[in-house]
Amino acid sequence: MDTTLSITNSSRLQVSEFILMGLPGIHEWQHWLSLPLALLYILALGANTLILITIQHEPSLHQPMYQFLGILAIVDIGLATTIMPKILAILWFDAKIISLPECFAQIYAIHTFMAMESGIFLCMAVDRYVAICYPLRYPSIVNEAFVIKATLSMVNGLLTIPLPILAAQRYYCSRNEIDHCLCSNLGVTSLACDDITINRIYQLALAWVILGSDMGLVFTSYALIIHSVLRLNSAEATSKALSTCSSHLILIVFFYTAVIVLSITHLAGRKVPFIPVLFNVLHNVMPPAFNPMVYALRTQELRVGFQRVLGLVENVSRK
């Protein structure tokens, strides 16, 4: 009898939706952040779409390094679109309610796109390593088959599937208010009434396996690149070699620095919970907005392509 009553009460207490409260501590005036966030989202969509159109339009950009950039643009659009429409709906229309399936789907999408972005940076690093350290073998190594295989390995989201599955298996008895603008894995599972040790362990393991290994391999590649470049006798050759990978290096340093800063702010989040939440949001929208700008400023071929696509310079000769 008592067991039956307990089961009935448990099923009655199981929540069917979550409420995304927004930025903790500043709920009253957080709507003022909607304008800069909306501008960042529009910039991310517009700039990355322009990247895709330019690469498709310009035959001179049909080479692996720009193909990887095009894939990065698609991932950036997906990452920003995964979170920004819901965040803007919360800030503009107070649409805070999100169903459990939608929340778990967002957890999966965020982690999958982040893993893909890290994988793309690794591919870019390998591309530059082969181009600079083994220039004569570059066409035979980094070819169309390499790009296809690398792309297929990046879009494989099998490792992130357990995150939403494990989150869905938790028991959410009464609390359903999330002090966040999005469904973060640990933010959601912290509301569970049962043990979430397995969720924390898998989150940490995933971070080490994907982001940790990618970061290690990326910086190893660039260490080998720098070592190879410094052995060149010509200052002009050294400068040219470094300029070909400077854009990649800027994006990579920015991405992984943001990951490290985000991890540190989460550790200090108990004292000022607003900071890690805001950093989490910005980390998902700022790289998609600024990645194309870095390439536009530092890559002449891409700048010329932009000018042709936008019709700003009609007399730019094709080379």
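Here this note's numbering runs 5 ahead of the position in the sequence shown, where the first position is 1.
Each residue gets a CB set at the ideal place from its N, CA and C atoms; glycine is no exception.
In this text the structure is predicted, and so the values were computed from the model without any measurement.
Whole-angstrom distance between S21 and H62, CA atom to CA atom: Within the sequence shown, numbered from 1, the residue matching residue 62 stands at position 57. Within the sequence shown, numbered from 1, the residue matching residue 21 stands at position 16. Approximately 47 Å, taken between the alpha carbons.
Rounded to a whole number of angstroms, what is the C-alpha to C-alpha distance between L168 and Y71? Here the question's residue 168 lines up with position 163 in the sequence shown. Here the question's residue 71 lines up with position 66 in the sequence shown. Rounded to the nearest angstrom, the two C-alpha atoms are 32 Å apart.
Where S195 falls: helix, strand or coil (DSSP): To locate residue 195, count along the sequence shown from 1; it is residue 190. Coil at S195, not helix or strand.
When the Cα atoms are used, what is the spatial distance from L105 to M129? Taking the sequence shown and counting its residues from 1, one reaches residue 105 at position 100. Taking the sequence shown and counting its residues from 1, one reaches residue 129 at position 124. Answer to the nearest angstrom: the Cα atoms are 36 Å apart.
Please classify Q19 as buried or exposed, where buried requires at least 16 neighbouring CB atoms within 10 angstroms. By one-based count along the sequence shown, residue 19 stands at place 14. Counting C-beta atoms within 10 angstroms of its own C-beta, Q19 has fewer than 16 neighbours from the protein chains shown and is therefore classed as exposed.
Rounded to the nearest angstrom, what separates D81 and H36 at their Cα positions? Within the sequence shown, numbered from 1, the residue matching residue 81 stands at position 76. Within the sequence shown, numbered from 1, the residue matching residue 36 stands at position 31. Each residue's Cα considered, the two are about 24 Å apart.
In angstroms, rounded to a whole number, what distance separates the CA positions of Y251 and D199? In the sequence shown, counting from the first residue as 1, residue 251 sits at position 246. In the sequence shown, counting from the first residue as 1, residue 199 sits at position 194. The sequence shown places Ser at residue 251, rather than the Tyr named in the question. If I take the Cα positions, the gap works out to 48 Å.
For the ligand MG, is there a heavy atom less than 7 Å away from the beta-carbon of H116? Looking for the ligand MG in the displayed structure turns up nothing, as the structure carries no ligands at all.
Rounded to whole angstroms, what is the Cα-Cα separation between A301 and S248? By 1-based counting over the sequence shown, the position of residue 301 is 296. By 1-based counting over the sequence shown, the position of residue 248 is 243. Looking at the two C-alpha atoms, the distance is approximately 14 Å.
Residues near V286 in its chain [Cβ-Cβ closer than 6 Å; skip 5 each side]: Position 281 of the sequence shown holds residue 286. Contacts found: C186.
Could you please give the first and the last residue of the uninterrupted alpha helix (DSSP H) stretch that includes L40? For the purposes of this step, residue 40 is taken as residue 35 along the sequence shown, with counting starting at 1. It spans S39 to H62 - the alpha helix (DSSP H) in which L40 sits, taken as one unbroken run.
Is it true that the CB of A197 sits closer than 8 Å to the CB of I112? Here residue 112 refers to the residue found at position 107 when the sequence shown is read from its first residue. Here residue 197 refers to the residue found at position 192 when the sequence shown is read from its first residue. Not closer than 8 Å, so no.
Is the beta carbon of V264 closer than 8 Å to that of K216? Residue 216 sits at position 211 when you count from the first residue of the sequence shown. Residue 264 sits at position 259 when you count from the first residue of the sequence shown. In the sequence as displayed, the identity of residue 216 is Leu instead of Lys. Yes. Within cutoff.
On a Cα-Cα basis, can you pick out the residue from A246, A294, S65 and S239 that is closest to L256? Mapped onto the sequence shown, residue 256 falls at position 251. The option with the nearest alpha carbon to L256 is A294.
Answer yes if the segment 179-195 comes into contact with the segment 126-143, meaning at least three C-beta pairs across the two stretches below 8 Å, and no otherwise. no
Candidates L57, E107 and V214, of which the one nearest G124 by Cα: As a first step, residue 124 must be located in the sequence shown, where it is residue number 119. Residue V214 is the option with its Cα nearest to G124.
Where I115 and P64 are concerned, what is the direct C-alpha to C-alpha distance, given to the nearest angstrom? Translated into positions along the sequence shown, residue 115 becomes position 110. Translated into positions along the sequence shown, residue 64 becomes position 59. Near 33 Å, if we compare the C-alpha coordinates of P64 and I115.
How should G316 be labelled, buried or exposed, when 16 other C-beta atoms within 10 angstroms of its C-beta is the threshold for buried? Here residue 316 corresponds to residue number 311 of the sequence shown, with the count starting at 1. Looking at its Cβ environment, which holds fewer than 16 other Cβ atoms inside 10 Å, G316 is exposed.
Output yes if chain B places a C-beta closer than 8 Å to the C-beta of G221; else output no. The displayed structure is made up of one protein chain only, and chain B is not part of it.
With DSSP collapsed to three states, give me the class of I115. By one-based count along the sequence shown, residue 115 stands at place 110. Note: I115 maps to helix in three-state DSSP.
At what residue ranges does the segment 71-114 contain a whole run of the beta strand (DSSP E), taking only runs of 3 or more? 102-104
Quick check on DSSP: helix, strand or coil for I183? Here residue 183 refers to the residue found at position 178 of the sequence shown. Strand at I183.
By how many angstroms is the C-alpha of G221 removed from the C-alpha of V193? The residue given as residue 193 occupies position 188 in the sequence shown. The residue given as residue 221 occupies position 216 in the sequence shown. Near 29 Å, if we compare the C-alpha coordinates of G221 and V193.
Quick one: residues in its chain with C-beta nearer than 6 Å to the C-beta of P69, no 5 flanking neighbours on either side, listed in chain order? Counting from one through the sequence shown, the residue named residue 69 turns up at place 64. Closer than 6 Å at Cβ, skipping near neighbours: D132, V147 and V152.
Using the Cα positions of L267 and K91, report the straight-line distance between them to the nearest angstrom. Here residue 267 refers to the residue found at position 262 when the sequence shown is read from its first residue. Here residue 91 refers to the residue found at position 86 when the sequence shown is read from its first residue. Near 21 Å, if we compare the C-alpha coordinates of K91 and L267.
CB E122 to CB L77, shorter than 8 Å? Counting from 1 along the sequence shown, the entry for residue 122 is found at position 117. Counting from 1 along the sequence shown, the entry for residue 77 is found at position 72. Going by C-beta atoms, E122 is nearer than 8 Å to L77.
Which residues in the same chain as L229 place their Cβ atom closer than 8 Å to its Cβ, once the five residues preceding and following it in sequence are excluded? Within the sequence shown, residue 229 is the residue found at index 224, counting from 1. Contacts found: Y134 and C138.
Using the three-state DSSP reduction, which class does I24 fall into: helix, strand or coil? Translated into positions along the sequence shown, residue 24 becomes position 19. In this structure, I24 counts as strand in the three-state DSSP scheme.
Quick check on T59: buried or exposed, where buried means 16 or more other Cβ atoms within 10 Å of its Cβ? By 1-based counting over the sequence shown, the position of residue 59 is 54. Label assigned to T59: buried.
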